[in-house]
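Number of protein chains: 2
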Amino acid sequence: MTDTTMAERPHVRGSLNRDRVLHGAIEFADREGIEPLTIRRLADHLGVKPMTIYHYVANKEAIIDGMIDLVFDEIERPPADDAWRTGIRARAVSLREVLRRHPWATPLMESRTNPGAGTLGHHDALVACWYRSGLPLEFIAHGLAVVDAFVYGFAMQEAALPFGDHQGDLTEAAEEIILPLPTGDHPHLVRFTQEYVLQPGYDFGRSFDFGLDLILDGLEAAAARERAAGDA
Amino acid sequence: MTDTTMAERPHVRGSLNRDRVLHGAIEFADREGIEPLTIRRLADHLGVKPMTIYHYVANKEAIIDGMIDLVFDEIERPPADDAWRTGIRARAVSLREVLRRHPWATPLMESRTNPGAGTLGHHDALVACWYRSGLPLEFIAHGLAVVDAFVYGFAMQEAALPFGDHQGDLTEAAEEIILPLPTGDHPHLVRFTQEYVLQPGYDFGRSFDFGLDLILDGLEAAAARERAAGDA
DNA sequence: GACACTACTCGTACTAAGTACGATGAGTCA
DNA sequence: TGACTCATCGTACTTAGTACGAGTAGTGTC
């Protein structure tokens, strides 16, 4: 057998760059998770030896920073001409979709201290949309905090659902974790699992639209009240 | 000098147990964060050699599981006799306080697959409170998801704030990260930072009560609407 | 009081991961 | 052709998790 396998042939010079490293890392993390992402495994994934990676990034932290910045860049930014509610809603939905594609990213999005262009640009566009709403500054701050808290928190819970977040897996997991508990303990948990979670059409994701609209309704109503009080 | 230092004297037999290991780990993580928590450092903290720890726990994962279970146990459970809104609110506030004491815990709370007695007991009491509300099952599911998403997401954002979450630190951080950006880029971000975040009385935490009550109001209103529609 | 038994503690050492340092070698241009 | 550059990699050091088994302090028994 001739050794023409990708893995065995030395890597072609010049075919790597910072962007390919970061995208390779994201691909790997999407498939395997962030914990198994090591320099050595990433090198394998890129068809390269470990130390080659350090030609393009300072260290592993810089890889994570870069990955998160690319993820922020995937999020749809609120367009400049929409009503605030439309823009904020579209961006929230997009954020949630992006976090579904990259579940490993959720806990990292807000905790990095080296924001890149993607991160900053995203936040700038978001704040801009809130400003255009004409709401009082304090409402803007509340709106920013509450919507993001909800979306990130929801994404965290979704990420915790066993794998595909589509039936089957969840059913098995629920049956394996909740149902075999010491009989009689946790009756409400067991009841809820049987009565609701294990029912045919169950879909955790439905609570997302419900919650998002509930929050946006609440913000709008509170803003209207505020405005009325100001006029009086 | 006689060697009477704690650190130098061998550890007194029998003074360690699983609980002390877990509480020691929590103390350490509260002070230093979860990443610096290593078996060796935990051993030092406990005045013991690394391998001693393995007499009480199977491995590091089991330590994390145990820590999270203890954290769940710190959360106030909704009392059985309150109105649902009171109970849910108190528990949400308590959850947020607990997550402020243990910021490292937030991303782990919902992602462990080996729940212990504290975790299960907490969730059972929570579900019980929702059941007592008499709301339709689907509302209960939405309520569970939305309130927790908000609280966990908010805690995540709070944890990301630089240290003490009390002035000073935040001011410095905002000035160091946001203000020195390439001039003219991100004008809205800079504006918001200067106009709001860097103002004297700024307190991110104020958005918590605002958001929580907004969500609870929304849930109550939606439930009332639902009930009215059912009666008709 | 001597001995054996148990439970706790620890020394040693192996594996995996991040990465410093400097060697190698492929292109490129004079 | 030879020198220079820079992408790639080999080697090796450090830190972390932890398997294995040796020591040892108490405890109970005769």
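Residue numbers (this note's numbering), protein chains in the order written: chain A, 11 to 242; chain B, 11 to 242.
Virtual Cβ for every residue (Gly too), placed ideally from N, Cα, C.
This structure is a prediction, so every number in the text was calculated from the model and none was measured.
_Can you check which of these residues, SER25/B, ARG111/B, GLU185/B, is closest to ILE63/B by C-alpha distance?_
Sorting SER25/B, ARG111/B, GLU185/B by C-alpha distance to the C-alpha of ILE63/B places SER25/B at the top.
*Considering only residues of the same chain and omitting the five flanking positions on each side of PRO60/A, which have a CB-CB separation below 6 Å?*
When the five nearest sequence neighbours on each side are left out, the beta carbons in the same chain lying within less than 6 Å of the beta carbon of PRO60/A are those of ILE49, ARG50, ALA53, in order along the chain.
*Going along chain B, which residues have a C-beta under 8 Å from PRO125/A?*
Think of a sphere of 8 Å around the beta carbon of PRO125/A: the chain B residues whose beta carbon falls inside it are ILE187, in chain order.
_Quick check on ASP195/B: does DSSP put it in helix, strand or coil?_
Look at ASP195/B here: in three-state DSSP terms it is coil, with no helix or strand label.
*Does the Cβ-Cβ distance between VAL31/A and TYR66/A come in under 8 Å?*
Yes.
_Rounded to the nearest angstrom, what separates GLU42/B and ALA169/B at their Cα positions?_
Distance from the CA of GLU42/B to the CA of ALA169/B, rounded to the nearest whole angstrom, comes to 13 Å.
*6 Å CB neighbourhood of LEU145/B in its chain, flanking five on each side removed*: Within the same chain, ALA233 come within 6 Å of LEU145/B by CB-CB distance, once the 5 residues on both sides are set aside.
*Would you identify the three-state DSSP class for LEU136/B, choosing helix, strand or coil?*
Correct three-state label for LEU136/B: helix.
*With C-beta atoms as the reference, is PHE82/B less than 8 Å away from HIS33/B?*
No. Outside cutoff.
*Hey, is the stretch 213-229 of chain B in contact with the stretch 220-228 of chain A, meaning 3+ C-beta pairs nearer than 8 Å?*
Output reads yes: the stretch 220-228 of chain A touches the stretch 213-229 of chain B.
_Within chain B, partners of GLU120/A - CB distance below 8 Å_ = Within chain B, the C-beta atoms nearer than 8 Å to that of GLU120/A come from MET166, GLN167, ALA170, in chain order.
_Environment of GLN209/B [buried if 16+ CB atoms lie within 10 Å]_ = Counting of Cβ neighbours within 10 angstroms places GLN209/B among the exposed residues, the total staying below 16.
*Which bits of chain A does MET196/B rub up against, with CB to CB less than 8 Å?*
The sequence shown places His at residue 196/B, not Met. Ordered by position in chain A, the residues that pass the 8 Å Cβ test against HIS196/B are LEU130, GLY131, HIS133, ASP134.
*How long is the line joining the alpha carbons of MET119/B and MET166/B, rounded to whole angstroms?*
The alpha-carbon of MET119/B is positioned some 11 Å away from that of MET166/B.
*Is the shortest distance between the beta-carbon of ILE78/B and the beta-carbons of chain A less than 8 Å?*
Cβ-Cβ to chain A under 8 Å: no for ILE78/B.
*So, does the CB of PRO210/B fall closer than 8 Å to a CB anywhere in chain A?*
Residue contact with chain A for PRO210/B: absent (no Cβ-Cβ distance below 8 Å to any residue of chain A).
*From the DSSP output, in three-state form, read off TYR66/B for me.*
Coil, per DSSP.
*asked:* If you reduce the DSSP assignment to three classes, tell me which class ARG216/B lands in.
replied: In the three-state reduction of the DSSP assignment, ARG216/B falls in the helix class, which pools H, G and I.
*C-alpha gap between GLU45/A and ASP91/B, whole angstroms*: Between the alpha carbons of GLU45/A and ASP91/B lies a gap of roughly 43 Å.
*Of all the CB atoms in chain B, is at least one closer than 8 Å to the CB of GLU86/A?*
It does not; no Cβ of chain B falls within 8 Å.
*Since I believe GLY163/A is in contact with ALA159/B (beta carbons under 8 Å), could you give me their beta-carbon distance rounded to a whole number of angstroms?*
GLY163/A and ALA159/B do touch by the CB rule: their CB atoms are close to 4 Å apart, below 8 Å.
*Which of helix, strand or coil does DSSP assign to SER25/B?*
Coil at SER25/B, not helix or strand.
*asked:* Rounded to the nearest angstrom, what separates GLY211/A and THR123/B at their Cα positions?
replied: GLY211/A and THR123/B have their C-alpha atoms spaced approximately 24 Å apart.
_Listed by chain order, chain A residues near PRO60/B by CB distance under 8 Å_ = Taking a Cβ-Cβ cut-off of 8 Å, PRO60/B has no neighbours in chain A, whose nearest Cβ is about 22 Å from it.
*Do GLY76/A and GLY126/A have their CB atoms nearer than 8 Å?*
Yes, they are a contact pair.
*asked:* If we define contact as Cβ-Cβ less than 8 Å, is ALA151/A a contact residue for chain B?
replied: Any Cβ of chain B closer than 8 Å to the Cβ of ALA151/A would place that residue at the interface, and such an atom is present.
*Excluding sequence positions up to five away, which residues of its chain have a Cβ less than 7 Å from the Cβ of PHE218/A?*
For PHE218/A, where only same-chain residues beyond five positions count, the Cβ hits under 7 Å are ARG106, PHE164.
*For the candidate residues PRO197/B, ALA115/B, VAL157/B, ASP213/B, whose alpha-carbon lies nearest to that of GLU84/B?*
Comparing Cα positions, the closest option is ALA115/B.
_ARG122/B in three-state terms, based on DSSP_ = ARG122/B: coil per DSSP, three-state reduction.
*So with Cβ pairs under 8 Å, would you call ALA232/B a contact of chain A?*
Cβ-Cβ to chain A under 8 Å: yes for ALA232/B.
*Opening and closing residue of the alpha helix (DSSP H) in which TYR7/B lies*: With chain B represented from 11 up to 242, any question about residue 7/B goes unanswered, as that position is not in the structure.
*Would you say LEU109/B faces chain A, with C-beta separation under 8 Å as the test?*
At a cut-off of 8 Å, the C-beta of LEU109/B has no neighbouring C-beta in chain A.
_Coil, strand or helix - ALA17/A by DSSP_ = Model confidence at ALA17/A stands at a pLDDT of 42, short of 50, so the residue's coordinates are unreliable and nothing is read from them.
*Which first and last residues belong to the alpha helix (DSSP H) in which HIS112/A is found?*
Here HIS112/A belongs to no alpha helix (DSSP H), and DSSP marks it neither H nor E.
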